[in-house]
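**Q** Basically the working numbering = 1-based index in the sequence shown + 826.
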Amino acid sequence: MCSCSVAAVSPSATGPFSETRSIGPPHPSAKLKLLEIKGSSTGWFGTVELTFEYFGAWPLGLKDLEVTPVMDGDFCEKAAFNQSVPLPNYAQGSLGTVVARVDADAMYRRCHYLYYAKEVKSKQCRTRSFPTAKDSQSILLSELRHNQFSFTVSD
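1) Quick one: what's Arg954 bridged to in DSSP?
2) Starting from the C-beta of Leu891, find all residues in its chain whose C-beta is less than 8 Å away, skip the five residues before and the five after it, and write them out in chain order.
3) Please list the segments of the beta strand (DSSP E) lying wholly inside the region 852-884, counting only runs of 3 or more residues, in order along the chain.
4) Output the boundary residues of the beta strand (DSSP E) element that contains Ala926.
5) What residues in its chain sit with their C-beta under 6 Å from that of Thr894, if we drop five residues either side in the sequence?
6) Anyone know if the C-beta pair for Thr840 and Ser829 falls short of 7 Å?
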């Protein structure tokens, strides 16, 4: 919390100071954007790796931010008995990115996900924000053809 008062200043004089006001620390925000999808042969069925980029006009820079992503499994078009929608694991990527890894089974089953930044923290300000549902986007992971993933992103 910062207590501040302001005054008008000119080359010849300074005006009276305003009442003191308390100003809280800024709260960061970021929206995820799908940057890249690629596959690897790790795991039983292989792995789909989704790289998300996050943006935010944050004066302390991206190094100050910690972004916690979420990919909520909505449903899969092809049922698999005794299995739910595969959930991803997350890792910090290069600066300004976060990576989600999910079993390639999600691709073969044509799974739909909602993704968004669940929480955005500022290390220096020690503040955090929770983006709203309007910041979520959906993605359908579908088939791999000629080493290219077929996917659909929508707001």
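We treat Cβ as the ideally placed atom computed from N, Cα and C, and that holds for glycine. Note that this is a predicted model, so its numbers are computed, not measured.
**A** In short:
1) Lys947
2) Pro854, Ala856, Tyr880, Gly882, Trp884, Val946, Lys947, Ser948 and Lys949
3) 857-866 and 873-881
4) Counting along the chain, the unbroken beta strand (DSSP E) around Ala926 starts and ends at Thr923 to Asp929.
5) Lys944 and Glu945
6) No, Cβ-Cβ distance for Thr840 and Ser829 is not below 7 Å.
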